[in-house]
Each structure stands twice: as C-alpha cells, then as structure tokens.
Amino acid sequence: MLLSLEIFGFKSFPESTRIDFDDGITAIVGPNGSGKSNVTDAIRWGLSEQSAKILRGQRMSDMIFSGTAQRQAMSYAEVVLTFDNTHGIFDLDFETVSVSRRYHRSGESEYFINKSPCRLKDVNNLLVDTGIGLDGYSIIGQGKIDEILNEKSDDRRLIFDEASGIVQYKSRKAESERRLERANQNLLRVDDILEELRRQAGPLKQQAEDARRYSELNDRFCKLDISLSWEQIKIFENQAKEAEDNQNILTLELIDTEAAVAAINKHNSRLDDEISELEISVETKRKAHNELSVKLADTTGAIALSREKESSAKERLQQLNQEKIRLQEQISILCNTAEDRQEHRDQLQKQNKIYANRLSEAQAALQTAASGLSANEKETDTLRKKRENLKDILFQVNSDLQSAKTENSILQDQLNISSGELSGDQSDLNRVTFSVEEAAAQLEKLKAELLRLELAADKAKADRISAEEKLEQINKKIIQLKETERQLAYEEDTLTNLELNFEGY
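Under our numbering, think of the first position of the sequence shown as 349, with each following residue one higher.
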C-alpha cells in the first residue's frame, strides 16, 4: 500500500509537497491545469519510468520545474514513494520502504532505497514481484483505460501478469533457461576437451614410458658414476691442491703486478705533470717567440727604414758635399770678388780723398778767388757730381760685400746642419743595427730553448706512451691471471662437489 508521495521540483511542484494516502481517499480532484495528472506522473516517474513521452514530455529534463516569471527554475527534481511493508510485500526487513529518484539538469540520475544509494536495477528487482510495476493496473494515467481495452490480448496479458505478480517468476524462468543454455554450452565444451584429451592419451602414454625408461637409465648412470675409485678422487685432490698452489702464486704475482701498476700510474702521473709543465713552458716560450718575432719584424722594418734613411742621408750628404763644394767655390769667387771690390773700394776711397782734397782746395780757391767764381762754380758742380757718383759706387760696393757675407754665413749654417744630420743618421743607424743584432741573438737563443723544450716534451710523451703500453700489457696479464684464477676456482669447486657427492664411497 502506498502511504505517501513527496514531490520537490517535479513539473508544476517547485516547492516540497507531501501527499499522504490515508484510508478512504479514492481520488484527487481539481480544475483543469491544477496538476492532477502530474501527481500520477510523479508516481510513475518515481517507479523508474524511463520514457519521457509516457510522462507527457519531450526529454527527461522536462520533468524539472522550468520556472515562471515569479520563480526561478529548479536545478533538479526529486520524488519519494513510501510503501507499507507490514505484510512483507517487499523482500526487506522494514515496516516501511521508501523509493526515491532524483534527476539533475546535468543528466545525472540517482536512486535510493530507504535513503541508501542504489542502482536502477535494484529498484526494478524490488518492484518486479509486487504488482506495482510501471504497466500494472494500480497506476492508470489519462487514456490508459482506453489503451488497455484497445490493446491486443498478448499486451493485455502482460499487464495482468505484472498486476498478478508472476512477472518475477517469468524473469526467474528466463534466467534459469539462460543458465541452462550456458550449462549446455559448457557441456559441449567439456565433451570437446575430453575428445582432445583422448587424442592426446596415446602420445602421453609414450611420454610416460619414455620418462620411466629415463628414470631407469638415470638410476643406472648414478650407480656407474658412484663406482669411481678412490685413486681418481686422490688425483682430483692433488689437482685441487696444485690449483690452490697455483692460485696462491698467481695471487702473489697479482699483488706484485698491482704494485707495479700503481708505481707506473704514479710515474705516469708525474710524467703528466712534467708534460703539463713543459707544455706551459713551451707555450710561454712560444708566446715570447711570437712577441720577439713581432719585435723582429718591427725591428726589421725599422732597419729597412733606417737603411732607407741611411741611403737618403748618404744621398743627401753627397748632395750637401756637392753643395758644399759649390758653395766653397762660390765663396771663393765671392771672396775674390770681395777682395776686388775692397781694392776697388780702397781705390775709390783714395780717389774720394783725392777728390775731397781737391774739393778742399777748390773751396779754398773758391774762398780766395771770388773773381774766378763762375769758372770755379762750374768745376765745383762737376766735382760734386763726381762725388755723388763715387758715393753711389761706394754704397753699392758695401751692399755687395754685406750680401756676400750674409750668403757665406747662410751657406756655412747649411753646411753645419747637413753635417749634423749626417752625424745623427749615422748614430741612429748604428743604434738600430745594434738593436737588430741583439734581437737576432736573443731570438736564436729562444729558438734553441724552444727546440730543447720540444725535444723534452717529445721525450716525455714517448715515455708516457711507453708507460701506457706497459700498463696495457700489465692489464692484459692481470686479466689472464684472473681468468686462470677463475678456471682454478671452477676446478676446485668441481673437485669439492665430487668429494661431497662421493662421500662414504
């Protein structure tokens, strides 16, 4: 018996609504559109109806309250059906059984039995034999009566079967038939396996016979193997003793070899250090060599430049010598000219004195002889002109003499400067020549030192290669010794196993 129906967010029920089905309630009445059919739809939906069309919708989300102008839409719908189980209709130890269904707009569905999460299958199994199925007579929606009356007899029989509670037995019968079919299939499979085993029985018997024969031969082999004499065991013991002695000898050799290897490694490390130092020294000398090479190149350039300067200086000196000779000749000529001019000057001075004396005499005569003024004035003008001419000649001679002295001084200065430049160039040439010779000597010394270091480095590398070869030979010998030791250990283990296996014989 359905005790109550709780609806929340389902279709036209946005608020939580509870309907109790007490005794005497036979119908729910109300005007059109009040939600009467939604009550039966809620009951059907709570009983796990999966078709939205049967519930008068297009999709399952239509079951959720979609909202109005005054209320917003709900995010999920929930229906709870509570049944009376005092008569044991449901196979549960509860007086009341509640079946709940909740659906979210995201498409997620939840089912509960007595508020415990469960599966849709669990709800269907609970309701299948109660007569409260989805198509049972106890839930009849709008138009369902006409549908029942108009359905075929087979479809109507299904409704009666569900209402009478025999659907559960039909389901169990179908499940039993499926199990029986699977059992028959398993029997067929077992028959196939037995047939296969029968086909394998012959070869297996042969294999069993071969195993038995092998066991007999193995027992016989063990008996023959045990019959080895004590003399052979002694031989094995002696071989083991000899192998142990050889192992001890090899161990001592291995220790000595490892010590030699350590010494070689130490020597090799020392050689590496020496090589590193030599390489650093070689690199330093090489840098110095490069610097000296650059300096030598610069010095060579300076020498070439100095030689060019020397050549130019020689040419200049030659030119100056020629100029000196020319100037000396010119000075000599000028000196001769100056002497001639001095003589001419002396003569002019003498004539000037004579003319002065004559002038004095003329003036005296002028003063004493006023009568002969006209003749004397004329003579005086003549003498005055001659005097002026003599003064001009004397001034020209003095000017020529001064020019000759000035030119002689200039030529003498040029000669001194040329001699000084020649002396300076010669000194620079001597100094550069000395620097070049000194740099060449130092370069030769560095070349000799570099050659010595390279020879020492080559010798150190050769010693290192020789040491590495010795080390490789020693490593090979160590490997051989270890292989021999392993072989002896294997032989010793073999003899030990033989002694253990033959113990008591």
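We treat Cβ as the ideally placed atom computed from N, Cα and C, and that holds for glycine.
When DSSP states are grouped into helix, strand and coil, Glu458 belongs to the strand group. A direct Cα-to-Cα measurement between Glu839 and Gln587 gives close to 8 Å. Boundaries cannot be given for Asp370, as no beta strand (DSSP E) includes it and DSSP labels it neither H nor E.
In terms of Cβ geometry, Phe431 and Val445 form a close pair [threshold 7 Å].
Rounded to the nearest whole angstrom, the CA to CA distance from Ala636 to Glu817 is 35 Å. Contact check for Leu598 and Leu843: beta-carbon distance about 18 Å, past the 8 Å limit, so the pair fails to qualify.
The beta-carbon separation of Ile822 and Thr605, rounded to 6 Å, stays under the 8 Å limit for a contact.
Under DSSP, Pro465 takes part in a beta bridge, and its partners are Phe460. In the DSSP assignment, Glu627 forms no beta bridge with any residue. Taking 7 Å as the cut-off, the Cβ atoms of Met408 and Phe358 do not count as close.
For Leu395 against Asp368, the beta-carbon gap comes to about 18 Å, at or over 8 Å, which does not count as contact. Ranking Asn433, Thr434 and Phe413 by CA distance to the CA of Tyr424 puts Phe413 first. The DSSP-derived three-state label of Ala425 is strand. In the three-state reduction of the DSSP assignment, His615 falls in the helix class, which pools H, G and I. About 7 Å separates the beta carbon of Thr478 from that of Phe438, a gap short enough to meet the 8 Å contact definition. Contact check between the segment 415 to 423 and the segment 383 to 401: fewer than three CB pairs, one atom from each, fall below 8 Å, which does not count as touching. DSSP places Arg392 in the uninterrupted alpha helix (DSSP H) bounded by Lys384 to Gly394. Measuring C-alpha to C-alpha distances from Asp620 to each of Ser382, Phe361 and Lys809 identifies Lys809 as the nearest. Per DSSP, Val476 has no beta bridge partner at all. Arg568 has its alpha-carbon roughly 33 Å from the corresponding atom of Glu590. Residue environment analysis places Ile603 among the exposed positions, since fewer than 16 neighbouring C-beta atoms fall within 10 angstroms of its C-beta. For Thr444, the enclosing beta strand (DSSP E) begins and ends at Thr444 to His452. Comparing alpha carbon positions, the residue from Asn594, Ser659 and Val427 closest to Phe361 is Val427. The beta-bridge partner set that DSSP reports for Ser352 consists of Asp368 and Thr430. Closest by C-alpha distance to Leu819, out of Ile612, Cys466 and Asp841, is Ile612.
Distance from the Cα of Ala610 is smallest, within the candidate group Leu836, Leu528, Gly550 and Ala815, for Ala815. A distance below 7 Å between beta-carbons, with the five flanking residues on each side excluded, links His615 to the following residues of its chain, in chain order: Ala815. Between Gln554 and Glu833 the beta-carbon gap is near 49 Å, outside 8 Å, which marks them as no contact.
Under the three-state reduction of DSSP output, Ile412 falls in the strand class. Spatial neighbours of Asn462 in its own chain (CB-CB distance under 8 Å, excluding positions within 5 residues in sequence) are listed in chain order as Leu440, Phe442, Val445 and Ser446. Going by C-alpha positions, Ala804 is about 40 Å away from Leu653. Going by beta carbons, Glu458 and Arg467 fall outside the 7 Å limit. The DSSP-derived three-state label of Phe438 is coil. In chain order, Leu836 and Glu840 place their CB closer than 8 Å to the CB of Glu592, counting only its own chain and leaving out the 5 sequence neighbours on each side.
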